[in-house]
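Enquirer: Pasting a structure here, questions to come.
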Amino acid sequence: MSLKPSSRDWQRAIADARQGLSAWHVWNLLAMTDIRQRYKRSRVGPFWITLSMAAFVGGIGLVYSTLFKQDIRTYLPYLAVNYVVWTLIQGIIMDATGVFSSSGVYLRQEAMPKTLFAMRLIMRNLIMFAHNIIIIPLVFLLFGVWPDWEMLLAIPGMIMLLVAAYPVVMLIGMISTRFRDTPVIIQNVLQIAFFLTPIMWKVDQLGAAAPFVVGLNPFAIFLRIVAEPMNGRAPSLWTWGVAILVIVLLYAITGPLFARLRARIVYWL
Amino acid sequence: MASIILENACVEFPIYNARGRSIRRNLMARVGGSVAADGDVVSVNALKNINLRLTNGDRLGLLGHNGAGKSTLLRVLSGAYEPSSGTAEIEGAVSSLLDITMGMDPEMSGAENIVLRGAIIGMTIPEARERIPEIAEFAEIGDFLDLPMRTYSSGMNLRLAFAISTAIRPDILLMDELISVGDAAFASKARQRVQELIASAGILVLASHDPKSLLEYCTRGIVMEHGQIVFDGPIEEAIVRHGMEVPEIKKEVPAATGA
Numbered sequence: 001m002s003l004k005p006s007s008r009d010w011q012r013a014i015a016d017a018r019q020g021l022s023a024w025h026v027w028n029l030l031a032m033t034d035i036r037q038r039y040k041r042s043r044v045g046p047f048w049i050t051l052s053m054a055a056f057v058g059g060i061g062l063v064y065s066t067l068f069k070q071d072i073r074t075y076l077p078y079l080a081v082n083y084v085v086w087t088l089i090q091g092i093i094m095d096a097t098g099v100f101s102s103s104g105v106y107l108r109q110e111a112m113p114k115t116l117f118a119m120r121l122i123m124r125n126l127i128m129f130a131h132n133i134i135i136i137p138l139v140f141l142l143f144g145v146w147p148d149w150e151m152l153l154a155i156p157g158m159i160m161l162l163v164a165a166y167p168v169v170m171l172i173g174m175i176s177t178r179f180r181d182t183p184v185i186i187q188n189v190l191q192i193a194f195f196l197t198p199i200m201w202k203v204d205q206l207g208a209a210a211p212f213v214v215g216l217n218p219f220a221i222f223l224r225i226v227a228e229p230m231n232g233r234a235p236s237l238w239t240w241g242v243a244i245l246v247i248v249l250l251y252a253i254t255g256p257l258f259a260r261l262r263a264r265i266v267y268w269l
Numbered sequence: 001m002a003s004i005i006l007e008n009a010c011v012e013f014p015i016y017n018a019r020g021r022s023i024r025r026n027l028m029a030r031v032g033g034s035v036a037a038d039g040d041v042v043s044v045n046a047l048k049n050i051n052l053r054l055t056n057g058d059r060l061g062l063l064g065h066n067g068a069g070k071s072t073l074l075r076v077l078s079g080a081y082e083p084s085s086g087t088a089e090i091e092g093a094v095s096s097l098l099d100i101t102m103g104m105d106p107e108m109s110g111a112e113n114i115v116l117r118g119a120i121i122g123m124t125i126p127e128a129r130e131r132i133p134e135i136a137e138f139a140e141i142g143d144f145l146d147l148p149m150r151t152y153s154s155g156m157n158l159r160l161a162f163a164i165s166t167a168i169r170p171d172i173l174l175m176d177e178l179i180s181v182g183d184a185a186f187a188s189k190a191r192q193r194v195q196e197l198i199a200s201a202g203i204l205v206l207a208s209h210d211p212k213s214l215l216e217y218c219t220r221g222i223v224m225e226h227g228q229i230v231f232d233g234p235i236e237e238a239i240v241r242h243g244m245e246v247p248e249i250k251k252e253v254p255a256a257t258g259a
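For the record, the sequence lines run as chains A and B. Sequential numbering from 1 applies to the first sequence in UniProt numbering. Sequential numbering from 1 applies to the second sequence in UniProt numbering.
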């Protein structure tokens with residue numbers, strides 16, 4: 001089977017992406033339903049997301065500030081920002097493994113655009129992110145951190161993260177639907193990535209190895225492009241450059257692959 | 001303007017067994033060499049070389065034994081399955097009443113489900129909200145509208161699913177057996193609604209084992225065997241070809257009006 005998409009494949013893939021984006025009311029509604037359904041019968045509802053985030057950050061913050069001999073007043077806000085952004089990245093990647101297999105009911109009997117389900121997934125994770133980010137101003141207030149103008153750079157960073165998330169979801173979604181071991185592999189990669197990414201530790205603690213572990217690690221790049229401004233530092237040009245390069249690569253790989261395999265996805269469900 | 005053109009459409013399902021779906025297996029096959037070269041992927045030919053042209057006004061009955069490919073063909077016609085080889089060009093808004101409860105969530109209320117399903121089958125959200133009372137009334141769910149659907153009786157579930165699924169007027173209507181829901185009173189109401197839907201649809205495709213309903217709603221029939229069309233002609237002949245008797249009924253078909 002050739003992996004080269006025909007012009008017809010391209011047309012249909014582009015139509016799929018266009019219809020997927022324009023059906024924003026559908027993915028928005030599906031995403032809201034996902035969240036509401038998960039916390040339907042609980043009293044606190046979706047704010048469990050916020051509470052469990054606060055518990056994790058508080059607990060880890062106390063232990064690690066002692067372990068790393070860091071001042072908790074700077075360490076805990078640092079950790080809170082990083083972990084909130086990491087949760088978004090991790091959530092998108094982890095959910096991506098089931099993006100099509102969990103939508104089988106729809107895909108098997110309606111001609112719905114496949115990309116719609118990627119949008120739904122990203123939206124759902126954004127809603128979770130919105131719940132998590134509540135703790136950041138609280139933590140800042142508690143430890144007297146005053147936000148800088150650099151913080152505004154988190155907005156373009158966030159946009160780049162989302163632009164990258166779209167092909168990531170499609171790519172991981174397709175591979176995971178075809179090869180059922182992929183979700184487990186991805187889970188393991190994420191676990192390792194959590195420790196290789198400056199979430200709990202600071203880059204300068206790493207010494208000479210820092211450029212390799214942080215500078216070329218795509219997880220670290222996309223984490224820092226959002227988290228650094230929130231911590232009051234502008235990301236380096238290197239970070240921006242690598243982020244753009246990764247985005248270009250992601251689209252260059254996912255585009256043709258999606259065009260070629262889009263119609264096969266339903267057959268693999 | 002509704003139209004469906006299938007040319008040499010084939011649907012071939014790869015059946016990957018547990019090993020076939022694993023990356024390890026794939027890597028080993030490439031690295032290791034001769035071990036069972038693609039012996040793992042068995043494929044099922046669900047449809048073979050289907051040629052079919054339908055235009056406005058066509059009322060097509062699908063006949064065939066279980067496993068002959070009727071449901072797969074319906075899914076190709078809905079656009080969900082794109083042929084693995086050959087082409088399928090489908091123009092017009094399709095409504096497939098294959099699984100009317102699709103996408104309904106037992107934890108959500110009836111009203112929420114109306115909006116959810118409504119959005120999926122092509123309504124805007126304000127439009128779906130606006131139609132909640134009308135749909136709920138048709139489904140006769142009364143005060144249960146704002147309760148989670150898991151509290152519904154199975155009859156209420158089906159009535160609501162039916163009321164939502166039939167709330168839009170499609171150009172192309174696909175059905176797997178005529179839907180029958182509810183008690184006698186609701187069944188006659190439902191039947192009337194289905195007749196209206198059929199009358200306003202440009203194209204109807206009905207898969208059924210019941211010669212009476214086929215004769216009542218369809219004019220053309222195809223008989224399928226092992227994923228292939230073995231007969232294509234007037235519905236009466238198709239029924240005979242399928243080995244059934246043509247029942248004596250008077251046709252009260254709402255004439256095809258076209259969309």
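Glycine residues also receive a C-beta, built at the ideal position from the N, C-alpha and C atoms.
(1) So is ARG241/A buried or exposed if we call it buried at 16+ other beta carbons inside 10 Å?
(2) Taking 8 Å as the threshold, find out whether the region 131-140 of chain B comes into contact with the region 89-107 of chain B through three or more Cβ pairs.
(3) Among the candidates GLY207/A, ILE35/A, PHE129/A and MET160/A, whose CA atom is the shortest distance from the CA of TYR251/A?
(4) Identify whether GLU177/B lies in helix, strand or coil by the three-state DSSP scheme.
(5) Would you say the region 96-108 of chain A touches the region 169-177 of chain A, given that touching needs at least three Cβ pairs under 8 Å?
(6) Is there a Cβ of chain B sitting closer than 8 Å to that of ALA263/A, yes or no?
(7) Give me the Cα-Cα distance between PHE47/A and ILE134/A, rounded to the nearest whole angstrom.
(8) Which residues, in chain order, does the region 71-92 of chain B contribute to contact with chain A at a C-beta distance below 9 Å?
(9) Could you name the residues of the same chain whose beta carbon sits closer than 6 Å to that of ASP143/B, not counting the 5 residues immediately before and after it, in chain order?
(10) Using a C-beta to C-beta distance shorter than 7 Å, which residues of chain A count as neighbours of GLU107/B?
(11) Only counting the same chain, and skipping five residues up and downstream in sequence, which positions put a Cβ closer than 8 Å to that of CYS218/B?
(12) Does the beta-carbon distance from LEU190/A to ILE92/A come in below 8 Å?
(13) Would you grab the beta carbon distance between ILE164/B and ILE114/B for me? Rounded to a whole angstrom, and I think it's under 8 Å.
(14) I need the boundaries of the beta strand (DSSP E) containing GLY110/B, first residue and last residue.
(15) At least one CB of chain B closer than 8 Å to the CB of ARG108/A: is that the case?
(16) May I ask you to report which of helix, strand or coil DSSP gives ARG59/B?
(17) Please look up how many angstroms separate the CB atoms of residue 272/A and VAL139/A, rounded, as I've assumed it's under 8 Å.
(18) Determine the direct distance from the alpha carbon of TRP238/A to that of VAL246/A, and round the result to whole angstroms.
(19) What residue does the beta strand (DSSP E) around TYR39/A start on, and which one ends it?
(20) Return the residue from the list ALA243/A, ALA259/A and TYR267/A that minimises the CA-CA distance to GLN11/A.
(21) Would you say the beta carbon of TYR81/B is closer than 7 Å to some non-hydrogen atom of the ligand MG?
(22) From this set, THR50/A, ILE35/A and THR33/A, which residue's C-alpha is nearest ASN132/A's C-alpha?
Expert: By the coordinates alone:
(1) Taking the first residue of the first sequence as 1, we reach residue 241/A at position 241. According to the sequence shown, residue 241/A is Gly rather than Arg. GLY241/A is exposed by the Cβ-count criterion.
(2) Between the region 131-140 of chain B and the region 89-107 of chain B there are fewer than three C-beta pairs closer than 8 Å, too few to call the two in contact.
(3) The sequence position of residue 251/A within the first sequence is 251, counting from 1. Of the candidates GLY207/A, ILE35/A, PHE129/A and MET160/A, the one whose C-alpha sits nearest the C-alpha of TYR251/A is MET160/A.
(4) Counting from one through the second sequence, the residue named residue 177/B turns up at place 177. Judged by DSSP in its simplified three-state form, GLU177/B adopts coil rather than helix or strand.
(5) Put simply, the region 96-108 of chain A touches the region 169-177 of chain A. At least three CB pairs are less than 8 Å apart.
(6) Reading the first sequence from its first residue, position 263 is the one you call residue 263/A. Closer than 8 Å to some Cβ of chain B, the Cβ of ALA263/A qualifies, so yes.
(7) Position 47 of the first sequence holds residue 47/A. Position 134 of the first sequence holds residue 134/A. The alpha-carbon atoms of PHE47/A and ILE134/A are separated by roughly 10 Å.
(8) Cβ contacts with chain A: LEU74, ARG75, SER78, GLY79, ALA80, TYR81, GLU82, PRO83, SER84, THR87 and ILE90.
(9) Locating residue 143/B in the second sequence gives position 143, where the first residue counts as 1. Cβ neighbours of ASP143/B beyond the five flanking positions: none.
(10) Translated into positions along the second sequence, residue 107/B becomes position 107. What GLU107/B touches in chain A: GLN37 and LYS40.
(11) Here residue 218/B is taken as the residue at index 218 of the second sequence, counted from 1. ARG59, LEU60, GLY61, LEU204, LEU206 and ILE235, listed in sequence order.
(12) The count along the first sequence starts at 1 and reaches residue 190/A at position 190. The count along the first sequence starts at 1 and reaches residue 92/A at position 92. No, the Cβ-Cβ distance between LEU190/A and ILE92/A is not below 8 Å.
(13) Here residue 164/B is taken as the residue at index 164 of the second sequence, counted from 1. Here residue 114/B is taken as the residue at index 114 of the second sequence, counted from 1. With 8 Å as the limit, ILE164/B and ILE114/B qualify as a contact, their Cβ atoms being about 6 Å apart.
(14) Start at 1 with the first residue of the second sequence, and residue 110/B comes out as number 110. No beta strand (DSSP E) holds GLY110/B; the alpha helix (DSSP H) holding it covers 110-120.
(15) Within the first sequence, residue 108/A is the residue found at index 108, counting from 1. Closer than 8 Å to some Cβ of chain B, the Cβ of ARG108/A qualifies, so yes.
(16) Taking the first residue of the second sequence as position 1, residue 59/B is located at position 59. Residue state, collapsed to three classes: strand.
(17) Missing from the structure shown is residue 272/A; chain A here goes from 1 to 269 and no further.
(18) Here residue 246/A corresponds to residue number 246 of the first sequence, with the count starting at 1. Here residue 238/A corresponds to residue number 238 of the first sequence, with the count starting at 1. CA-CA distance, VAL246/A to TRP238/A, rounds to 12 Å.
(19) The residue given as residue 39/A occupies position 39 in the first sequence. Neither: TYR39/A is in no beta strand (DSSP E) and is coded neither H nor E.
(20) One-based indexing of the first sequence puts residue 11/A at position 11. Distance check between GLN11/A and each of ALA243/A, ALA259/A and TYR267/A places ALA259/A closest, using alpha-carbon atoms only.
(21) This structure lacks the ligand MG, and indeed carries no ligand of any kind.
(22) Here residue 132/A corresponds to residue number 132 of the first sequence, with the count starting at 1. Minimum Cα distance to ASN132/A is reached at THR50/A.
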